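*Asks:* Numbering (my numbering), first residue to last: 95 to 441.
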Ligand code: UFG
């Protein structure tokens, strides 16, 4: 199958590209390189042993999206592209609504015009809001995210259900990610956040490599075993495998829309992550406990049963592997992709 991967130069997108090629798919990447670095593409070529074509534009540009579909036969789309920083979305909500919604509309229209009927959408566990029972199940309602970022995911999920209702030949997978971490085992691709990382694992990795002096732990007075928040960290390679499994399932499924959690089903505390990372890196991670961060839930993890039963997929990598692979990437690339030459056609 020829698969268009929007946001294919980004963190989860790039890992998924490698697995799609390994599974025998042909990949075309579209990325506006707003958050991703063009240098990723050279690494993907090296990892896949093939040249991955890339188009550098923003999917909110309807004409360019239309031209892409008019000139390239696309069998399926995996739609990662979008803005994703929870805190930033509170500051610039219109940018988030405009970018995340418009890019999806533009894709859906081009898909319809050109007979492309298979779509995998990157949703987030954030759609469960703060009232869903833990472990979270896909049938929970009402979805109720607490940030503009999260609300773009809730709205797009609804749009996809509405669109699917109009065309029974569509095959749409909504994948709700828990906390993606880790890197490809080669250490050549990984997470490369711009500026100060918002998320725990890249922040720890930057402390370990000496880019930042110490980590702030947001609260140790939660009602959890060690007082720090518990999350469902999932290795990005397991997550990528979930996308390949979803594509395979949709090829034989009668369902127009399917929703699957991609998580491990277990919670790990902030202090446990720090400890596992210290083991992996063989060095201490200095940290101070500070006040709680607004909006953080005490404990949150997936019920991954549906994905296991329907996709035959299960996350297998441990928190130790997640830390070891993150460290391999970060220690080999202390400044991310910054120092790498760009491939000519990207960016
Ligand atoms: N944390 C710290 N210090 C930091 C960063 C994070 O102590 O510097 C703590 C947080 O308080 C939280 C845990 O580490 O307890 C995980 O925080 P992350 O920011 O890594 O992840 P979140 O669970 O807050 O957010 C993630 C995704 C969002 C998504 C959300 C809900 O990043 O995109 O899960 O599913 F919306």
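For glycine and all other residues, C-beta sits at the position ideal for the given N, C-alpha and C. Since the structure is predicted, the reported quantities are computational estimates derived from the model, not experimental observations.
Between the Cα of residue 413 and those of 106, 215 and 367, spot the shortest distance and give me the residue it belongs to.
*Replies:* Counting from one through the chain shown, the residue named residue 413 turns up at place 319. When only C-alpha atoms are compared, the closest one is 367.
*Asks:* Should residue 220 be listed as close to the ligand UFG, given that the test is whether its C-beta is under 6 angstroms from any heavy atom?
*Replies:* Mapped onto the chain shown, residue 220 falls at position 126. Checking every heavy atom of the ligand UFG against the Cβ of residue 220, one is found closer than 6 angstroms.
*Asks:* Output the boundary residues of the alpha helix (DSSP H) element that contains residue 163.
*Replies:* Position 69 of the chain shown holds residue 163. Here the alpha helix (DSSP H) through residue 163 covers 156-165.
*Asks:* To the nearest angstrom, how far is it from the Cα of residue 311 to the Cα of residue 226?
*Replies:* The residue labelled residue 311 in the question sits at position 217 within the chain shown. The residue labelled residue 226 in the question sits at position 132 within the chain shown. Distance between the alpha carbons of residue 311 and residue 226 is about 25 angstroms.
*Asks:* Are the Cβ atoms of residue 97 and residue 114 separated by less than 7 angstroms?
*Replies:* Here the question's residue 97 lines up with position 3 in the chain shown. Here the question's residue 114 lines up with position 20 in the chain shown. In contact: residue 97 and residue 114 (Cβ atoms closer than 7 angstroms).
*Asks:* Can you determine whether any heavy atom of the ligand UFG sits closer than 6 angstroms to the C-beta of residue 315, and answer yes or no?
*Replies:* The residue you call residue 315 lines up with position 221 of the chain shown. No, Cβ of residue 315 sits at least 6 angstroms from all heavy atoms of the ligand UFG.
*Asks:* Under 7 angstroms, do residue 153 and residue 200 count as touching if we go by C-beta distance?
*Replies:* Counting from 1 along the chain shown, the entry for residue 153 is found at position 59. Counting from 1 along the chain shown, the entry for residue 200 is found at position 106. Against a cut-off of 7 angstroms, the Cβ pair of residue 200 and residue 153 comes out as a contact.
*Asks:* If we ignore side chains and look at the alpha-carbon of each, how far apart do residue 160 and residue 207 end up?
*Replies:* Position 66 of the chain shown, counting from 1, holds the residue named residue 160. Position 113 of the chain shown, counting from 1, holds the residue named residue 207. Rounded to the nearest angstrom, the two C-alpha atoms are 9 angstroms apart.
*Asks:* Quick check on the DSSP output: the alpha helix (DSSP H) that includes residue 105 runs from which residue to which?
*Replies:* Here residue 105 corresponds to residue number 11 of the chain shown, with the count starting at 1. Residues 105-116.
*Asks:* What residues match up with residue 396 in a beta bridge as DSSP calls it?
*Replies:* Stepping through the chain shown from its first residue, residue 396 is reached at position 302. Residue 396 is bridged to 230.
*Asks:* Using 8 angstroms as the cut-off, can you tell me whether the stretch 108-124 makes contact with the stretch 248-262, which would need three or more C-beta pairs spanning the two stretches below that distance?
*Replies:* Output reads no: the stretch 248-262 does not touch the stretch 108-124.
*Asks:* Tell me which residue opens and which closes the alpha helix (DSSP H) that residue 146 is part of.
*Replies:* Taking the chain shown and counting its residues from 1, one reaches residue 146 at position 52. Residue 146 -> no alpha helix (DSSP H), and no H or E assigned at all.
*Asks:* I want to check one thing, is the minimum distance from the CB of residue 297 to the heavy atoms of the ligand UFG below 6 angstroms?
*Replies:* For the purposes of this step, residue 297 is taken as the residue at position 203 of the chain shown. The answer is yes for residue 297.
*Asks:* Given a threshold of 16 other Cβ atoms within 10 Å of its Cβ, counted over all protein chains shown, does residue 270 qualify as buried or as exposed?
*Replies:* On the chain shown, position 176 is the one that residue 270 refers to. Burial call: buried.
*Asks:* Is the stretch 285-300 touching the stretch 136-145, taking contact as three or more C-beta pairs under 8 angstroms?
*Replies:* Touching, no, given that fewer than three Cβ pairs across the two stretches are closer than 8 angstroms.
*Asks:* Report the rounded CA-to-CA distance for residue 253 versus residue 180, giving the unit in angstroms.
*Replies:* Indexing the chain shown from 1 puts residue 253 at position 159. Indexing the chain shown from 1 puts residue 180 at position 86. C-alpha separation (whole angstroms): 21 angstroms.
*Asks:* Could you give the DSSP three-state label for residue 337: helix, strand or coil?
*Replies:* Position 243 of the chain shown, counted from the first residue, corresponds to residue 337. Three-state DSSP puts residue 337 in a helix.
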